[in-house]
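Quick notes on the structure that follows.
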Amino acid sequence: MTTTDLQRDFGPDSLKPQLAPLRDRRWVVALSGGLDSVVLLDLVRRLHDQGFVARLEALHINHGLSPHADQWQQHCQTLCERWRIPLQSVAVSLDREGANLEEQAREARYRVMAERCGAGDGFLFAHHQQDQEETLLYRLLRGGGVRGLAAIPRSRPLGAGLLLRPLLDYPRAQLLDYGRARGLQWVEDESNESLRFDRNYLRHRVLPPLRERWPDLGLRLSRQAQRMADDSALLDELALEDLESCAAVDTPTGPGLSADNRLYWPPVASRSRLRQRNLLRFWLRRLGVPVPGETITEQLLRLASSRVDANPCVRWLGWEVRRYRGTLVVLRTRERPGEGGDLSLQAGEWPLANNGVLRVRRSSASGNPLSACLGSLRVAYRLEGEEAGSIRLAGRKGSKPFKKLMQEQGVPPWLRERWPLLMKGDALVALPSIGVVEGYTAASGEEGVELEWVPPKWDGVD
């Protein structure tokens with residue numbers, strides 16, 4: 001192929017149909033320094049020089065896994081300085097003793113990029129047709145489902161912005177021809193030759209004989225991945241219908257129950273097991289929770305259909321799903337609260353060790369606020385003896401056990417053990433966000449305080 005033919009068949013114009021609707025974005029090229037990302041940066045740089053792309057930057061992730069990692073970073077820096085493209089380099093730390101360094105590196109890359117991808121931004125990745133082949137076969141061998149076999153999507157949300165892969169339809173050979181014709185310079189990652197990595201084994205030992213037998217293998221697998229992507233989108237549409245049917249019903253409310261992380265199950269309880277499984281996985285994925293494997297998914301389905309008075313829990317990878325009054329609730333698994341300690345009744349927000357925040361606000365004597373004259377109080381998490389069996393709140397009839405009182409307030413069991421209890425000596429004086437014990441309210445004309453407990457956020461992001 002001549003240079004003229006190459007430039008006509010593959011060049012900056014090849015990217016225009018994908019970038020045209022988004023040309024006003026700030027585009028950031030994920031730059032490793034290898035052939036693929038250098039070719040992509042050169043293509044987009046030329047579009048930027050034409051005024052087709054408004055803003056262009058690059059981001060390099062230094063994983064520190066190779067002895068040449070710093071040299072690769074310097075290569076990216078030199079290249080971007082020559083082309084006058086702003087570059088940010090970020091070093092990440094990986095557990096070298098941990099399992100699957102490939103997956104660790106991938107997760108670290110995407111985490112860094114998501115943190116830096118704001119609204120209106122777009123990140124460009126240089127995945128090509130051979131990457132699609134490897135991903136599809138790799139996930140097939142790992143037992144991937146329809147979503148997994150859709151392989152690499154052309155675009156998807158990233159952080160508050162967008163991730164786009166404009167080279168996904170092009171074979172690596174075409175990128176190589178372009179790079180040579182343009183006189184580009186790139187680095188070679190020696191780890192790409194190591195057969196201890198599964199993807200490398202597929203690339204060097206499995207795919208070559210398949211291509212020899214089926215020369216159009218890349219096109220075949222790309223079409224198959226697109227079919228799987230279409231089927232996956234259809235399953236998501238069905239799951240969204242089911243999710244909306246669950247959201248249309250009035251669900252149990254109470255302190256610590258967020259509408260974001262709960263799924264009311266009765267509307268789908270009579271639907272097929274396959275449809276329920278599809279809904280569960282869609283719901284978790286939509287919340288950014290790691291989608292569990294088959295064993296955990298089956299446990300979640302059993303949890304969803306457990307008897308009404310049960311409050312079971314399923315845990316995996318630092319997350320848990322609990323059931324309360326027919327509602328599934330997903331949460332980050334947290335350690336038990338730390339020692340409560342002393343609390344001043346000064347207005348403000350007071351952090352509780354591993355247990356959210358206690359808000360104290362000044363209040364008039366109306367509405368049964370806590371007396372501000374009690375001095376220093378103690379935060380506890382457990383009642384003993386008579387205090388646990390009989391609590392009489394100001395403005396309410398009769399005395400009730402702690403458990404009964406929390407049930408009436410709609411507080412789920414896992415929050416009851418975390419609920420901060422305000423004590424004066426050994427006496428309970430208030431349950432923040434619920435009420436003040438009779439005998440401890442502010443007298444007429446006396447200054448009082450209102451207490452609100454804000455539990456830790458369900459997703460662990462405080």
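Residue numbers for the sequence shown, in full-length UniProt numbering: 1 to 462.
The beta-carbon is built from N, C-alpha and C at its ideal position, and this holds for glycine as well.
Could you check how far apart the C-beta atoms of residue i and residue j are, in whole angstroms? I think they sit under 8 angstroms.
{"i": "Leu163", "j": "Leu149", "result": "20 angstroms between Cβ atoms; not a contact."}
{"i": "Leu328", "j": "Arg262", "result": "7 angstroms"}
{"i": "Arg182", "j": "Asp49", "result": "About 14 angstroms separates the two Cβ atoms, so there is no contact after all."}
{"i": "Ala108", "j": "Val92", "result": "4 angstroms"}
{"i": "Ser371", "j": "Ala442", "result": "4 angstroms"}
{"i": "Leu374", "j": "Leu345", "result": "7 angstroms"}
{"i": "Val289", "j": "Val330", "result": "6 angstroms"}
{"i": "Val29", "j": "Ile61", "result": "About 12 angstroms separates the two Cβ atoms, so there is no contact after all."}
Going by beta carbon distance, what residues of the same chain come within less than 7 angstroms of residue i, once the five residues before and after it are set aside?
{"i": "Leu393", "result": "Gly435, Val436, Val437 and Glu438"}
{"i": "Ser363", "result": "Pro369, Gly448, Val449 and Glu450"}
{"i": "Glu335", "result": "Asn354"}
{"i": "residue 470", "result": "As shown, the chain starts at 1 and ends at 462. That puts residue 470 outside it, with no answer to give."}
{"i": "Asp131", "result": "Ile152"}
{"i": "Arg139", "result": "Gly148, Leu149 and Ala151"}
{"i": "Ser194", "result": "Asn200"}
{"i": "Glu133", "result": "Leu207, Leu217, Gly218 and Leu221"}
Look up residue i in the DSSP assignment and say whether it is helix, strand or coil.
{"i": "Glu320", "result": "strand"}
{"i": "Phe402", "result": "helix"}
{"i": "Cys313", "result": "strand"}
{"i": "Gln276", "result": "helix"}
{"i": "Phe123", "result": "strand"}
{"i": "Gly372", "result": "Contrary to the premise, residue 372 reads as Ala rather than Gly in this sequence. Helix."}
{"i": "Lys457", "result": "coil"}
{"i": "Gly448", "result": "strand"}
{"i": "Val268", "result": "helix"}
{"i": "Gln50", "result": "coil"}
{"i": "Gln407", "result": "helix"}
{"i": "Asp5", "result": "Interpretation of Asp5 is limited by its pLDDT of 43, a score under 50 that renders its predicted location unreliable; no figure is taken from the coordinates."}
{"i": "Ala91", "result": "strand"}
{"i": "Glu384", "result": "coil"}
{"i": "Lys397", "result": "coil"}
Might you give, ordered along the chain, the residues of its own chain that have their beta carbon closer than 8 angstroms to the beta carbon of residue i, omitting 5 neighbours on each side?
{"i": "Arg156", "result": "Leu162 and Leu163"}
{"i": "Arg165", "result": "Leu124, Phe125, Ala126, His127, Ile152, Pro153, Arg154 and Ser155"}
{"i": "Gly341", "result": "Ala353, Arg378 and Val379"}
{"i": "Glu408", "result": "Lys400"}
{"i": "Glu102", "result": "Phe197, Asp198 and Arg199"}
Tell me the residue span of the beta strand (DSSP E) that contains residue i.
{"i": "Arg26", "result": "Arg26 to Ala30"}
{"i": "Val360", "result": "Val357 to Ser363"}
{"i": "Ala58", "result": "Arg55 to Asn62"}
{"i": "Val379", "result": "Leu377 to Ala380"}
{"i": "Leu428", "result": "Ala427 to Leu431"}
{"i": "Arg332", "result": "Thr327 to Arg332"}
In chain order, what residues of the same chain lie with their CB nearer than 6 angstroms to the CB of residue i, ignoring the 5 residues before and after it?
{"i": "His75", "result": "Gly33 and Val187"}
{"i": "Ala233", "result": "none"}
{"i": "Leu47", "result": "Pro12 and Val53"}
{"i": "Phe10", "result": "Gln174 and Tyr178"}
{"i": "Val39", "result": "Leu175, Tyr178 and Gly179"}
What are the boundary residues of the alpha helix (DSSP H) that includes residue i?
{"i": "Thr295", "result": "Glu294 to Ala304"}
{"i": "Tyr264", "result": "Looking at the DSSP string, Tyr264 is not in any alpha helix (DSSP H); the run it does join, the beta strand (DSSP E), is Arg262 to Tyr264."}
{"i": "Glu102", "result": "Leu101 to Arg116"}
{"i": "Arg213", "result": "Leu207 to Arg213"}
{"i": "Gly148", "result": "Val146 to Leu149"}
{"i": "Ser390", "result": "First-last for Ser390: undefined, no H or E at that position."}
Determine, using beta carbons only, whether residue i comes closer than 7 angstroms to chain B.
{"i": "Val39", "result": "Reference to chain B is not applicable here, since this structure consists of a single protein chain."}
Exercise. Is there contact here, the segment 184 to 192 with the segment 23 to 35, by at least three beta-carbon pairs under 8 angstroms?
Worked result: yes
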